[in-house]
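A.B. asks:
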């Protein structure tokens with residue numbers, strides 16, 4: 013099995029003329045050079061709602077699992093996950109743990125040791141796990157998953173001057189030294205607005221849910237549309253009542269050339285039906301969405317055919333899933349790639365960046381890194397930006413109409 017490879021240009025130790033060490037950090041992490049395995053169509057919308065994993069489940073957790081280690085390298089890396097949490101949270105944590113250990117196995121001669129800790133799905137458990145890890149010499153912390161546990165871990169990490177790479181999708185808990193390696197809606201919005209403007213769709217009507225996810229999307233779209241030379245001709249939020257906002261937007265669609273609906277698959281279908289009932293012909297306007305559109309109900313809905321949404325290129329996840337299935341005999345959760353990329357990244361940095369390997373300057377390198385789901389980079393404020401593909405809704409699933417970028421702009 014071939015381990016992760018590096019981008020050919022540029023890489024540390026092989027600088028191009030005039031290149032700085034900082035610019036050469038970019039694209040350290042590459043996708044394993046293995047053929048893609050078909051047959052995996054797990055929906056990103058099941059896992060990428062930024063507030064679906066913000067709080068632990070209501071069910072009681074099981075007894076905490078004993079801490080374990082993986083690898084024998086000299087650089088110690090903590091991995092904190094809710095392994096004993098109830099229900100789907102515990103299952104997700106186990107899948108992410110498997111992916112982390114898989115990255116370690118596939119990376120060629122990694123000089124890291126994973127200190128795997130169970131936080132029991134609680135802030136108190138996360139804080140205790142972090143304290144134990146730093147006492148054992150952890151130089152960086154990967155995790156936790158739940159947003160409300162991240163500040164507890166960050167408090168411990170800051171006392172030791174080390175960074176946290178968390179898996180939460182709630183950008184409100186990011187900050188300098190606390191970086192989110194997750195699927196954030198801001199990247200979806202920026203990519204789809206950029207693409208729609210490039211094909212001449214600059215007058216946008218917007219419908220978003222009246223909830224925390226909708227608030228994040230609202231801020232992002234209101235910034236992105238004018239930045240790309242467009243205008244928002246109608247904007248409405250909806251709660252349980254979809255019909256009234258749909259009628260309001262439908263009345264203004266004549267001055268729009270795109271309709272942006274940001275919600276998960278079931279809700280998008282309901283909103284589309286409400287728009288049709290209000291007299292809108294959705295075939296006459298370009299529909300736009302986020303990665304939450306990656307959902308079988310969206311693909312099966314006649315009104316949404318031809319709609320465009322931003323998401324990671326699915327080829328990377330298909331290849332990853334094939335290897336995971338071979339190793340563990342089960343399907344990974346969609347966000348297992350986050351744990352894989354986190355471990356592969358710290359292994360690459362440990363190999364190439366010496367004593368500054370996990371510093372903020374290294375982690376926020378503007379050239380970014382290439383992972384299973386494409387390019388990503390951390391911003392100084394702790395959020396991230398992803399290089400996403402643009403996908404089109406068809407009866408057979410999402411089809412790429414614009415690939416992921418090969419590099420980030422300024």
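Residue numbers (the working numbering): 13 to 422.
Beta carbons are placed, not taken as given, at the ideal position from N, Cα and C, and that holds for glycine.
1. Runs of 3 residues minimum, wholly inside the region 244-314: which ones carry the beta strand (DSSP E) assignment?
2. Could you give the first and the last residue of the continuous beta strand (DSSP E) run that contains residue 230?
3. Please say whether residue 193 and residue 354 have beta carbons closer to each other than 7 Å?
4. Measure the C-alpha to C-alpha separation of residue 257 and residue 409 and round it to an integer number of angstroms.
5. Does residue 63 come out as helix, strand or coil in the three-state DSSP assignment?
6. So, under 8 Å CB-CB, residue 196 and residue 396 are touching, yes? Tell me the CB distance rounded to an integer number of Å.
7. For residue 110, which residues from the same chain have a beta carbon less than 6 Å from its beta carbon, with the 5 sequence-adjacent residues on both sides left out?
8. Note the first and the last residue of the continuous alpha helix (DSSP H) segment covering residue 375.
9. Quick check: what's the CA-CA separation for residue 153 versus residue 344?
10. Using C-beta distances below 6 Å, list every residue in its chain close to residue 29, excluding the 5 sequence neighbours before and after it, in chain order.
11. So does the region 352-369 actually touch the region 238-255, counting three or more Cβ pairs closer than 8 Å?
12. When you compare each of 104, 98, 82, 146 to residue 124 by their alpha carbons, which one comes out closest?
13. Work out the CA separation of residue 285 and residue 138 for me, nearest whole Å.
14. Using alpha carbons as the reference points, say which of 398, 208, 84, 307 lies closest to residue 298.
15. Can you give the Cα-Cα distance for residue 173 and residue 294, rounded to whole angstroms?
16. With a threshold of 8 Å, are at least 3 pairs of Cβ atoms found where one atom belongs to the region 86-103 and the other to the region 308-325?
17. If you draw a straight line from the alpha carbon of residue 261 to that of residue 148, how long is it in whole angstroms?
18. Check this for me: beta carbons of residue 368 and residue 374, under 7 Å apart or not?
19. Three or more beta-carbon pairs under 8 Å between the region 153-162 and the region 173-185, yes or no?
20. Ends of the beta strand (DSSP E) at residue 338?
21. On the DSSP bridge list, what partners appear for residue 321?
22. To which residues of the same chain is residue 204 closer than 8 Å at the C-beta, ignoring the five residues directly before and after it?
23. Please give me, in chain order, every unbroken run of the beta strand (DSSP E) with length at least 3 that falls completely inside the region 163-214.
24. Once the 5 residues before and after residue 418 are set aside, which same chain residues still bring their CB inside 7 Å of it?
25. In chain order, what residues of the same chain have a beta carbon less than 6 Å from the beta carbon of residue 259, not counting five sequence neighbours either side?
26. Find the nearest neighbour of residue 371 within the set 400, 406, 390, judged by alpha-carbon distance.
27. Taking the C-alpha atoms as reference points, what is the distance between residue 141 and residue 226?
28. So, residue 166 versus residue 176, is the Cβ gap smaller than 7 Å?
29. What does a CB cutoff of less than 6 Å around residue 51 pick up in its chain, not counting 5 residues either side in sequence?
30. Whose C-beta lies closer than 6 Å to the C-beta of residue 336 among residues of the same chain, with five residues either side of it excluded?
31. Comparing alpha-carbon positions, which option in 129, 150, 144 lies nearest residue 85?
32. The alpha helix (DSSP H) spanning residue 139 covers which residue range?
33. What are the start and end residues of the beta strand (DSSP E) that includes residue 396?
34. Under the DSSP definition of a beta bridge, which residues are partnered with residue 88?
35. Starting from the C-beta of residue 171, find all residues in its chain whose C-beta is less than 6 Å away, skip the five residues before and the five after it, and write them out in chain order.
36. Does the beta-carbon of residue 296 have 16 or more other beta-carbons within 10 angstroms, so that it is buried, or is it exposed?
C.D. replies: In this structure, then:
1. 270-273, 298-301
2. Within the chain shown, residue 230 is the residue found at index 218, counting from 1. Run containing residue 230: none in the beta strand (DSSP E); it sits in the alpha helix (DSSP H), 224-239.
3. Within the chain shown, the letter at position 342 stands for residue 354. Within the chain shown, the letter at position 181 stands for residue 193. For residue 354 and residue 193, yes; Cβs fall inside 7 Å.
4. Sequence index remark: in the chain shown, residue 257 carries index 245 (1-based). Sequence index remark: in the chain shown, residue 409 carries index 397 (1-based). Using only the alpha carbons, I get a separation of about 28 Å.
5. Looking up residue 63 in the chain shown gives position 51. Note that residue 63 has pLDDT 41, beneath the 50 cutoff, so the model's placement of it is unreliable and no number is given.
6. As a first step, residue 196 must be located in the chain shown, where it is residue number 184. As a first step, residue 396 must be located in the chain shown, where it is residue number 384. Correct: roughly 6 Å between the Cβ atoms.
7. For this step, residue 110 is matched to residue 98 along the chain shown. If we look at residue 110 and ignore the five residues flanking it on each side, its Cβ neighbours are 340.
8. Taking the chain shown and counting its residues from 1, one reaches residue 375 at position 363. 372-375 is the extent of the alpha helix (DSSP H) around residue 375.
9. Taking the first residue of the chain shown as position 1, residue 153 is located at position 141. Taking the first residue of the chain shown as position 1, residue 344 is located at position 332. Using only the alpha carbons, I get a separation of about 22 Å.
10. Walking along the chain shown from the start, residue 29 turns up at place 17. Any reading at residue 29 needs caution, since the residue's pLDDT is 27, under 50, leaving its predicted position unreliable; the model's value is listed next. So the list is empty, once near-sequence residues are dropped.
11. no
12. Residue 124 sits at position 112 when you count from the first residue of the chain shown. Checked all of 104, 98, 82, 146; the closest Cα to residue 124 is 82.
13. Here residue 138 refers to the residue found at position 126 when the chain shown is read from its first residue. Here residue 285 refers to the residue found at position 273 when the chain shown is read from its first residue. Roughly 43 Å between the two C-alpha positions.
14. The count along the chain shown starts at 1 and reaches residue 298 at position 286. The option with the nearest alpha carbon to residue 298 is 208.
15. Indexing the chain shown from 1 puts residue 173 at position 161. Indexing the chain shown from 1 puts residue 294 at position 282. Going from the Cα of residue 173 to the Cα of residue 294 covers about 53 Å.
16. no
17. By 1-based counting over the chain shown, the position of residue 261 is 249. By 1-based counting over the chain shown, the position of residue 148 is 136. Rounded to the nearest angstrom, the two C-alpha atoms are 57 Å apart.
18. As a position in the chain shown, residue 368 is number 356, starting the count at 1. As a position in the chain shown, residue 374 is number 362, starting the count at 1. Against a cut-off of 7 Å, the Cβ pair of residue 374 and residue 368 comes out as a contact.
19. yes
20. As a first step, residue 338 is located in the chain shown; it is residue number 326 there, counting from the start. First-last for residue 338: 326-340, but that is the alpha helix (DSSP H), not the beta strand (DSSP E).
21. By 1-based counting over the chain shown, the position of residue 321 is 309. BP columns for residue 321 point to 301, 403.
22. As a first step, residue 204 must be located in the chain shown, where it is residue number 192. Same-chain partners within the cutoff: 272, 300, 301, 302, 320, 321, 322, 402.
23. 175-178, 190-192
24. Position 406 of the chain shown, counted from the first residue, corresponds to residue 418. So no residue of the chain qualifies.
25. In the chain shown, counting from the first residue as 1, residue 259 sits at position 247. Excluding positions up to five away in sequence, the list reads 290.
26. Position 359 of the chain shown, counted from the start, is the residue given in the question as residue 371. When each option's Cα is compared against that of residue 371, the closest is 390.
27. For the purposes of this step, residue 141 is identified with residue 129 of the chain shown, where counting begins at 1. For the purposes of this step, residue 226 is identified with residue 214 of the chain shown, where counting begins at 1. Approximately 33 Å, taken between the alpha carbons.
28. In the chain shown, the residue the question calls residue 166 occupies position 154. In the chain shown, the residue the question calls residue 176 occupies position 164. It is a contact, given that the beta carbons lie within the stated cut-off.
29. Within the chain shown, the letter at position 39 stands for residue 51. Residue confidence is low: residue 51 scores 30 on pLDDT, short of 50, so the model does not pin down where it sits. No coordinate-derived value is stated.
30. As a working note, residue 336 is residue 324 in the chain shown. Closer than 6 Å at Cβ, skipping near neighbours: 344.
31. As a working note, residue 85 is residue 73 in the chain shown. Among 129, 150, 144, the Cα nearest to that of residue 85 belongs to 150.
32. For the purposes of this step, residue 139 is identified with residue 127 of the chain shown, where counting begins at 1. First-last of the alpha helix (DSSP H) with residue 139: 135-147.
33. The residue given as residue 396 occupies position 384 in the chain shown. It spans 396-398 - the beta strand (DSSP E) in which residue 396 sits, taken as one unbroken run.
34. On the chain shown, position 76 is the one that residue 88 refers to. Residue 88 is bridged to 125.
35. Residue mapping note: residue 171 aligns to position 159 of the chain shown, counting from 1. Excluding sequence neighbours, residue 171 sits near nothing in its chain.
36. In the chain shown, counting from the first residue as 1, residue 296 sits at position 284. Result: exposed.
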